[in-house]
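In mature numbering (1 follows the signal peptide of the UniProt record, and there is no 0), the protein residues as written are -17 to -1, 1 to 349.
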């Protein structure tokens, strides 16, 4: 599943140049309800408030786009959903994934607040559920934090990782990535922005530990801690690119050191960023995609010794900002999830946030 030797056929700088079949759009959250009565009950009880729903993270498998819908505010009936890229109509309809029963707020066995997802090469969708809902207003702890692996081929849970022993009251879990070691063992990496740490979980060994990052990584506010998994070729040549949103510099570390618990002194400084950047994703190889905070332009950077020589590859339309770039491996493309996220935060979205999953880059030899 690794993109190799990207050769760009087209760079869609403006959405007007895209064919409509390359774009999925929706407002708020239009769900595939079991029946109209259920929808009415959810709406009347305040458990369904369309303007409080936003998709922030996505992964693609075949024709399905899997979406994380964080419970930032009350009224989000589904926190993990999927949408079919071939469905017809102006508004995309979201389906709970795997089913409605797994979305029940207050049920510790169900998903409470999914903030990130990661699809690996073995068709497992890894889901980061922080267990705290209404995080932008009055946070409520519904369950311990966990990572759940779901087989997208059949929708079955295959593993649940309890993270409660790796966190503290101040912890703020944000992003995850997954890799397989040379011996085939899966490892999960989760960022804890508040404690300047990466949680490392050996899935096969059913054990986890915390790696505290150097103080230089968080030279200012501990706001958003981004990670991206970079593959540079070779069995032990994977890296995590690490940076805080407000951090002045960007770093990397070989994942081999994280897996063996020997990360002390192994962080490499890749230089100053020249501004606050939002890491959006990778090409599943050695490049990352990012944008500067509040800016619609997306850049591609081939991770090297210094943070420089990046290139413009896409620009979101007016009022939209990207929250993730998504490899669409089966079609040899990269797509982007974008929305009017700033309006959502300021509660000025009207009937709901506007979303798009759009074509970003077409490529050969992916």
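By construction, the Cβ of each residue, glycine as well, lies at the ideal position given by its N, Cα and C atoms.
Chain B contact for residue i (CB, 8 Å cutoff)
{"i": "residue 202", "result": "The structure shown has no chain B; it contains just one protein chain."}
Where residue i falls, given that 16 or more other Cβ within 10 Å makes a residue buried
{"i": "residue 195", "result": "exposed"}
{"i": "residue 262", "result": "buried"}
{"i": "residue 99", "result": "buried"}
{"i": "residue 294", "result": "exposed"}
{"i": "residue 79", "result": "buried"}
{"i": "residue 328", "result": "exposed"}
{"i": "residue 136", "result": "exposed"}
{"i": "residue 90", "result": "exposed"}
{"i": "residue 104", "result": "exposed"}
{"i": "residue 311", "result": "buried"}
{"i": "residue 154", "result": "buried"}
Beta carbon of residue i nearer than 8 Å to that of residue j
{"i": "residue 321", "j": "residue 299", "result": "yes"}
{"i": "residue 93", "j": "residue 77", "result": "no"}
{"i": "residue 201", "j": "residue 230", "result": "yes"}
{"i": "residue 208", "j": "residue 164", "result": "no"}
{"i": "residue 81", "j": "residue 138", "result": "yes"}
{"i": "residue 314", "j": "residue 343", "result": "no"}
{"i": "residue 52", "j": "residue 75", "result": "no"}
{"i": "residue 304", "j": "residue 324", "result": "yes"}
{"i": "residue 46", "j": "residue 69", "result": "yes"}
{"i": "residue 66", "j": "residue 341", "result": "no"}
{"i": "residue 142", "j": "residue 186", "result": "yes"}
Candidates the options, of which the one nearest residue i by Cα
{"i": "residue 246", "options": "305, 192, 288", "result": "192"}
{"i": "residue 316", "options": "201, 88, 206, 43", "result": "43"}
{"i": "residue 350", "options": "122, 74, 41", "result": "Nothing can be reported for residue 350, as the shown portion of the chain is limited to -17 through 349."}
{"i": "residue 9", "options": "342, 334, 343", "result": "334"}
{"i": "residue 12", "options": "96, 184, 309, 34", "result": "34"}
{"i": "residue 183", "options": "7, 197, 159, 198", "result": "159"}
{"i": "residue 16", "options": "276, 312, 83", "result": "83"}
{"i": "residue 275", "options": "258, 85, 37", "result": "258"}
{"i": "residue 302", "options": "339, 103, 18", "result": "339"}
{"i": "residue 161", "options": "256, 69, 242, 336", "result": "242"}
{"i": "residue 110", "options": "280, 140, 87", "result": "140"}
{"i": "residue 308", "options": "280, 326, 219", "result": "280"}
{"i": "residue 256", "options": "244, 233, 73", "result": "233"}
{"i": "residue 306", "options": "18, 50, 251", "result": "50"}
{"i": "residue 189", "options": "203, 181, 144", "result": "144"}
{"i": "residue 337", "options": "36, 23, 260, 87", "result": "36"}
{"i": "residue 125", "options": "107, 88, 102, 152", "result": "88"}
{"i": "residue 102", "options": "48, 21, 29, 181", "result": "48"}
{"i": "residue 288", "options": "267, 251, 260", "result": "251"}
Close beta carbons around residue i, own chain, < 7 Å, minus the five adjacent residues each side
{"i": "residue 249", "result": "236, 237, 240"}
{"i": "residue 128", "result": "112, 113, 114, 146, 147, 150, 156"}
{"i": "residue 25", "result": "31, 60"}
{"i": "residue 205", "result": "176, 177, 179, 227"}
{"i": "residue 283", "result": "270, 272, 293, 294, 296"}
{"i": "residue 152", "result": "none"}
Chain-order list of residues whose beta-carbon lies under 8 Å from that of residue i (same chain, five-residue window excluded)
{"i": "residue 286", "result": "213, 215, 222, 224, 235, 253, 269, 270, 271"}
{"i": "residue 117", "result": "54, 55, 56, 57, 123"}
{"i": "residue 85", "result": "63, 79, 93, 94"}
{"i": "residue 277", "result": "304, 325"}
{"i": "residue 198", "result": "179"}
{"i": "residue 220", "result": "214, 237"}
{"i": "residue 119", "result": "55, 56, 328"}
Cβ-based neighbour list, residue i, same chain, cut-off 6 Å, excluding 5 preceding and 5 following
{"i": "residue 203", "result": "229"}
The segment 130 to 147 contacting the segment 166 to 174, beta-carbon criterion three pairs below 8 Å
yes
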